[in-house]
Amino acid sequence: MAYKYLVIVESPAKAKTIEKYLGKNYKVIASKGHVRDLPKSKMGIEIENDEHFIPQYITIRGQGETIKEIRKLAKKAEKVYLASDPDREGEAIAWHLAHLLNLDVQDKNRVVFNEITKDAVKEAFKNPRSIDKRLFDAQQARRVLDRLVGYSISPMLWQKVKKGLSAGRVQSVALKLIIDREEEIKQFQPEEYWEITGQFMKKRKKFEGHFHGVNHKKVKLRSKEECDAILERLKGKEFVVTKVEKKQRQRKAPKPFTTSTLQQEAANKLNFRTRKTMMVAQQLYEGISLGRKGTVGLITYMRTDSTRISNVAKDEASQFIQENFGENYASHKPSQVKNSKGAQDAHEAIRPSSVERTPESLEAYLDKDQLKLYRLIWNRFVASQMTPMVLDTMRVELDQNDVQFIANGSEVIFDGYSRVYPSDTKKEKQLPLLEEGEKVQSVQIEATQHFTNPPARFSEPTMIKTLEENGVGRPSTYAPTLQTIQSRYYVKLDNKRFEPTELGEIVDDIMETYFPQIVDVKFTAEMENQLDKVAEGEEDWQEVIHEFYVPFKKELTTAEKELEKVQIKDEPAGFDCEECGSPMVIKMGRFGKFYACSNFPECHNTKAIVKEIGVTCPECHQGHVIERKTKKNRVFYGCDRYPECEFLSWDKPIARSCPKCGHYLVEKKVKGGKQVQCSHCDYKEEIQK
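Residues 1 to 689 (the UniProt record's numbering) make up the sequence shown, in order.
Quick look at the structure:
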């Protein structure tokens, strides 16, 4: 026999990596994810007296051949090891595999490792354990809970609203948060306020100060009249320095990444969507071929809510930092901030499996996206183990006729962690050396009017941050949750911000009216805590479900009786069908609104609703440029005469030609605002903020 031991993992990439580490006595095969699950065609939960909830698992369609192959290989092996991912989902996969292969769940056949490196894998196989039934029960409870909610409410939404809709615990809360934010924006009343900014000079060095108050009391300026009254008190250009405060402060290193902070930072710094971040992180975790060195897992497990780092990784990082940056950069007490409330702390933070594998050393082996994400993870981890950034700060008070201006400045005297992971704060502004009692000259005093802004709509990173802060969902749920509410067309992304649709508002209204607990943030967070207690062995999973199901069942009965069919009315389009002459209407579809003939089903004419931008096509000079969207909702611009004219641009064309070469100009999004650039040559105009 060619092998003694069979090892079952989740993915083929992971199998390939691990088999190289274990040697010829081991055969490694992939289950390709879950092998058993609840049926898609029905609820799949047998409910006895509202107390016992018995899942009816079936083999997942398409997995028959995989299971057949695993059984065949398992018969030839002396022992079978289950090495699925080190989380609740992985524990469930191990449990189902054990049942399919008639393995003893008490046997020590479960192997877990947080990183796919030779040392970590070999060490894990020296210390196998039994399948943790508590973790499996927690995952099973979540699956049953989500099935009870989804398969009870979704059919009702199909019947009462329209086909293709769904409801779920976490997605309903996320939708409510987005709609509540939209309501805040609608109700927001802007308030006027004014600022007075002064430009000052000392020995040809300019610096800026801002109006603070009168007679050393802070004053907020609410109108032009108040502003004018302050300006009238200022006579001449001479100000006296009445106070100078000098301090030294530290800016601590950031914590290493958790799943949510990685998703947020990848969105902000790399412009990665949440799904893309997780896909690329999975590739880095499962293993990348490094030529002669073989396949290596480059990062630790990417689904975690902990900022904990192992002592081995800390020691390795400390040595690396001392050798490459100097002893004064290595923190002997790296930042150990407490994990967020509700964090499971099952795994370490996301970090490189070896700090010695620098991003530069891997450039030849990683594709563009893999390198970007690995560099972000590597830099953040190394920075987290470095000393703080040290700044000298100065706060200066300038006075004229009892009117005070404040000027702030700072200077970096030791860059610390920012040498690897630059701070996101604004560039430090340095003040000239100033002493109390000396005089400075004002160059310009200017008053500007402002209005308070409404709260911003959620972006993917701010949505994830809000869900995490409220204890809703877990690291593995954020990406699929945001994908679901978009695919159901409950929300749409406009300029990378979530905006609720009419359909989303209808569904949220039904959920709030009939299922208030499901959309209640605190209730959903408490349910997550209950599931954590199941994982810790403190709660029985069926009791947790029972406690939820009894009131939920009553709400469901009430909704089925009282909820009337929602009529989503068609809107007049304002023009007639070119095929039959009947009026066209605007209908609500699964992917948004579209034009359709009112004479349906006799006439099947439909048209997409397009947005004209007021620019004649620069290619054919006959059609008009319209805004279009790809299947992944990315905006691009094309000619409305397509396919006769195939003009296409990712950047928004504007109705002007380049003064340098005559080609069309485009509006391009750049850091700090928008910039007009030529589509052909190097002509650029100043950035518009």
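For glycine and all other residues, C-beta sits at the position ideal for the given N, C-alpha and C. These numbers come from a predicted model, not from an experiment.
For a cutoff of 8 Å on Cβ pairs, would you count T117 as touching chain B?
Chain labels in this structure do not include chain B; a single protein chain is all it has.
Could you tell me the distance, in whole angstroms, from the CA atom of I70 to the CA atom of V28?
10 Å
Within 10 angstroms of the Cβ of S166, are there 16 or more other Cβ atoms? Answer buried if so, exposed if not.
buried
Residues of its chain near E19, where Cβ-Cβ distance is below 7 Å and the 5 sequence neighbours each way are ignored
Y26 and V28
Of the residues D315, T393 and H347, which one's Cα is nearest the Cα of V382?
D315
Beta-carbon within less than 6 Å of V615's beta-carbon, same chain only, minus the 5 sequence neighbours each way: which residues are those?
V625, P653 and A655
Pull up the DSSP beta-bridge partners for T606, would you.
A596
Residue from A74, A330 and P256 whose Cα sits closest to the Cα of A30:
A74
From which residue to which residue does the beta strand (DSSP E) around A655 run?
K652 to S657
Would you check if the distance between the CB atom of P583 and the CB atom of P601 is smaller than 8 Å?
no
Report all residues from its chain with a CB closer than 7 Å to the CB of residue 691; omit the five preceding and five following residues, and keep chain order.
In the structure as shown, the chain starts at 1 and stops at 689, and residue 691 therefore has no counterpart that could be examined.
Counting Cβ pairs closer than 8 Å, one from the segment 347 to 367 and one from the segment 293 to 300, do we hit at least three?
yes
Exposure of N109, with buried meaning 16 or more beta-carbon neighbours within 10 Å:
buried
Could you tell me which of F647, A608 and E502 sits nearest to E182, measuring between CA atoms?
E502
How is D494 classed by DSSP in three states: helix, strand or coil?
strand
Alpha helix (DSSP H) containing N401: first to last residue?
Per DSSP, N401 belongs to no alpha helix (DSSP H) and is neither H nor E.
Can you tell me which of K669, K660 and V670 puts its alpha carbon nearest to the alpha carbon of C681?
K660
Quick check on this structure: which residue in P455, A229 and A447 has the alpha carbon closest to the alpha carbon of G198?
A447
Compute the minimum distance between the beta carbon of R222 and the heavy atoms of the ligand COA, and state whether it is under 7 Å.
As presented, the structure is devoid of all ligands, the ligand COA included, so that no description of it is given.
Of all the options L648, R628 and E627, which has the alpha carbon lying nearest to the alpha carbon of C620?
L648
Could you spell out the range, first to last residue, of the beta strand (DSSP E) harbouring G504?
First-last for G504: E502 to Y514, but that is the alpha helix (DSSP H), not the beta strand (DSSP E).
Can you list the beta strand (DSSP E) stretches of 3 or more residues lying completely in the segment 615 to 641, in chain order?
624 to 629 and 635 to 639
Alpha-carbon to alpha-carbon, P422 and K269
12 Å
For V396 versus V214, is the C-beta spacing smaller than 8 Å?
no
Note down, in chain order, each residue of its chain lying with its Cβ closer than 8 Å to the Cβ of K341, except the 5 sequence neighbours on either side.
Because K341 carries a pLDDT of 47, less than 50, the predicted location of this residue cannot be relied on, and no value is offered for it.
Under a three-way DSSP split, which group does C681 fall into?
coil
Got a sec, what are the start and stop residues for the beta strand (DSSP E) S487 sits in?
That residue, S487, is in no beta strand (DSSP E); its alpha helix (DSSP H) goes Y478 to S487.
Same chain only: Cβ atoms within 7 Å of A343, ignoring 5 sequence neighbours per side:
Unreliable positioning characterises A343 in this predicted model, as indicated by a pLDDT of 48, which lies under 50. The coordinate reading is nonetheless provided below. Excluding residues within five positions, the ones whose Cβ falls inside 7 Å are D305 and S306.
Should the segment 194 to 210 be regarded as contacting the segment 509 to 520, the criterion being three or more beta carbon pairs within less than 8 Å?
no
Under 8 Å by Cβ, that's how I've got W194 and Q449 pegged, so tell me the actual separation to the nearest angstrom.
6 Å
With H, G and I counted as helix, E and B as strand and the rest as coil, what does DSSP make of M156?
helix
How is V337 classed by DSSP in three states: helix, strand or coil?
For V337, the predicted model reports a pLDDT of 46, less than 50, meaning its position is unreliable; a value from the coordinates is still stated below. Here V337 sits in coil by DSSP.
DSSP state of K671, grouped into three classes?
coil
First through last residue of the alpha helix (DSSP H) which encompasses F523:
V521 to A535
Would DSSP call F575 helix, strand or coil?
strand
Boundaries (first-last residue) of the alpha helix (DSSP H) holding S260:
T259 to L270
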